[in-house]
Amino acid sequence: MTYGDVFCEQTVSKSRFCSRNDQRSDGGGFTAREVHLPPSKSMVTMLPNKPARGPGRPANPYIAAVNWFAPKATVDWLQPVADLEASCPHPGKFRDTSAAKDAAYGLLISTGLPMPRRVIESILVHDHGFYPVAVTAALQSLGTGSPQYNASGRIVMRELNVPGQAKPSHVYTWNREPTNGEIKALLGLIKRRNSFLTKERLRDAGEEYVRGWLLKEGGFVNITIADELGEVGPKPYTLDLAATDRVTAVPYGISVKNERAWLKANSKNIDDVIRRAARNQMKPWLFMPFALDTAIQQCRESGVRLTTLGKQIVPVSVPGRMMALEIESLRAVLGVEEYGFVHARAERSEFTGIRTFEPD
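The number in the working numbering is simply the position in the sequence shown, starting from 1, with 33 added.
Encoded structure:
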């Protein structure tokens with residue numbers, strides 16, 4: 034794609050890309066509006082099929098656009114011309130910060146809606162294979178004070194203070210401020226997300242899931258009983274659970290960090306499990322949903338056994354609600370990453386995508 038390419042938006046029900054030389058109005062209701070991409074990158078952004086609007090903005094625009102935030106919904110929006118794959122099964126393949134910035138612009142231009150930072154990160158990493166560090170650097174460079182993207186406009190970043198949330202949520206919008214209705218809708222969704230995915234609920238779900246996996250694997254004995262999860266060993270060196278290898282008789286002190294953030298090199302989680310396991314005379318074993326290659330290498334060199342779950346774990350249900358339904362309804366403030374569900378009988382849960390990296 035060249036600098037002069039344009040987006041052609043159909044005014045009735047569909048949108049598609051066409052070049053400057055293919056602008057037309059053929060009875061299908063096409064009108065062309067220029068949104069230039071910078072000459073440094075070859076990236077095509079496809080406009081999604083926008084829901085029909087009635088007279089005036091809907092009360093909650095994120096409900097009308099819920100399908101835009103479903104997993105894999107955007108894989109056809111950002112079509113690479115060169116070496117970026119539209120859908121990458123192994124996040125972290127593409128590390129170009131400039132391309133990540135271009136892709137963030139493309140998402141915001143395409144949706145026309147304010148998007149929380151975690152959602153942009155999630156889409157670019159999990160659906161488009163960008164390296165998490167590259168995405169973080171790209172989004173940090175964008176904001177209200179950022180230079181013009183092109184003649185059309187720039188990104189506007191706003192901090193959204195959420196009651197009960199320690200840090201504000203960063204919300205990005207293309208070339209305008211969010212409306213009061215959009216802010217109200219986002220606040221409601223974020224507060225609902227935080228009420229369901231509490232730290233305590235995520236902690237308990239992660240520990241129960243790992244215990245269920247150890248039981249189902251069958252290669253371990255002396256696994257911590259359910260009532261003692263999170264209370265293995267003396268304070269302040271308690272571990273989440275313990276297990277002994279059935280063949281080698283090696284005892285493992287296990288720390289479960291059921292966090293959506295990727296494990297990075299020099300993370301305190303690595304040093305913490307080493308210190309706690311040593312005090313309990315066990316080998317350290319760390320469980321995380323996701324880990325960068327640099328963190329995996331550090332764990333190997335530091336004698337830490339690392340297992341990535343490939344997903345954040347949540348309970349299969351909460352009072353009055355199936356969590357899978359809740360997750361899908363909150364994608365606009367959650368992102369597109371996969372979630373795993375732990376059952377009341379944890380060993381009956383589904384265990385897929387789990388990888389273990391042995392220390393050197």
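Virtual Cβ for every residue (Gly too), placed ideally from N, Cα, C.
Worksheet item: Nearest to TYR138 by CA position, among ASP278, LYS249 and TRP207, is which residue?
Response: Measuring from the Cα of TYR138, the nearest candidate turns out to be TRP207.
Item to complete: Check THR257 in the structure and name its three-state DSSP category.
Response: coil
Discussion item. Tell me the DSSP secondary structure of LYS301 in three-state form.
Written reply: LYS301 falls in the helix class under three-state DSSP.
Practice prompt. Alpha carbon to alpha carbon, how far is MET356 from ALA98? Give it in angstroms, no decimals.
Written response: Taking the straight line from one Cα to the other gives about 21 angstroms.
Practice prompt. Pick out whichever of ASP135, ARG209, LEU367 and LEU296 has its Cα sitting closest to the Cα of LEU222.
Written response: In this structure, LEU367 is the residue among ASP135, ARG209, LEU367 and LEU296 with its C-alpha nearest to the C-alpha of LEU222.
Discussion item. According to DSSP, is ASP109 part of a helix, a strand, or is it coil?
Written reply: The answer is coil: DSSP assigns ASP109 none of H, G, I, E or B.
Worksheet item: Under a three-way DSSP split, which group does MET190 fall into?
Response: strand
Worksheet item: Terminal residues of the continuous alpha helix (DSSP H) containing TRP246?
Response: 232-250
Fill in: Validate contact between the stretch 226-244 and the stretch 148-167 using beta carbons, cut 8 angstroms, 3 pairs
no
Worksheet item: For GLY373, which beta-bridge partners are listed by DSSP?
Response: ILE346
Discussion item. So, with DSSP's three-state summary, where would you put ALA276?
Written reply: strand
Worksheet item: Which whole-angstrom value describes the C-beta separation of ARG388 and THR341, a residue pair presumed to lie in contact below a C-beta threshold of 8 angstroms?
Response: 5 angstroms
Item to complete: Assign PRO196 to buried or exposed, taking buried as 16 or more other Cβ atoms, counted over all protein chains shown, within 10 Å of its Cβ.
Response: Answer is exposed; the Cβ neighbour count stays below 16.
Worksheet item: Span of the alpha helix (DSSP H) holding LYS134?
Response: 130-144
Discussion item. Nearest by alpha-carbon distance to ALA106: which of LEU146, ASP160, GLU154 and GLU334 is it?
Written reply: ASP160
Fill in: According to DSSP, residues forming a beta bridge with GLY221
Partner(s): none; GLY221 has no beta bridge.
Worksheet item: How would you call ASP38, buried or exposed, if buried means at least 16 neighbouring beta carbons within 10 angstroms?
Response: Caution is warranted here: a pLDDT of 32 is assigned to ASP38, below 50, making its placement in the model unreliable, and the coordinate value is therefore given only provisionally. Under this definition ASP38 is a buried residue.
Fill in: Cβ-based burial, GLN198 [other Cβ within 10 Å; buried from 16]
exposed
Worksheet entry | Exposure of GLY353, with buried meaning 16 or more beta-carbon neighbours within 10 Å | exposed
Worksheet entry | Spatial distance of PRO306 from TRP318 (CA atoms) | A small fix is needed here, since residue 306 is Val in this sequence, not Pro. Spanning the two alpha carbons is a distance of roughly 7 angstroms.
Worksheet entry | Contacts around GLU380, its chain only, beta-carbon distance under 7 angstroms, and the 5 residues preceding and following it disregarded | GLY245, LEU248 and LYS249
Worksheet item: When the Cβ atoms of the stretch 309-318 are set against those of the stretch 264-271, are three or more pairs found closer than 8 angstroms?
Response: yes
Discussion item. Please report the straight-line C-alpha distance between GLY343 and ASP304, rounded to a whole angstrom.
Written reply: Straight-line measurement puts the Cα of ASP304 at about 22 angstroms from the Cα of GLY343.
Fill in: Same chain, Cβ closer than 6 angstroms to LEU296, five either side skipped, listed in chain order
Hits under 6 angstroms: MET321, ALA324 and ALA328.
Practice prompt. On a CA-only basis, which of PHE102, GLY373, GLU192 and GLN330 is nearest ILE216? Give me that one, please.
Written response: With distances taken between Cα atoms, ILE216 lies closest to GLU192.
Worksheet item: Taking DSSP as the reference, what is the three-state secondary structure of ALA324?
Response: strand
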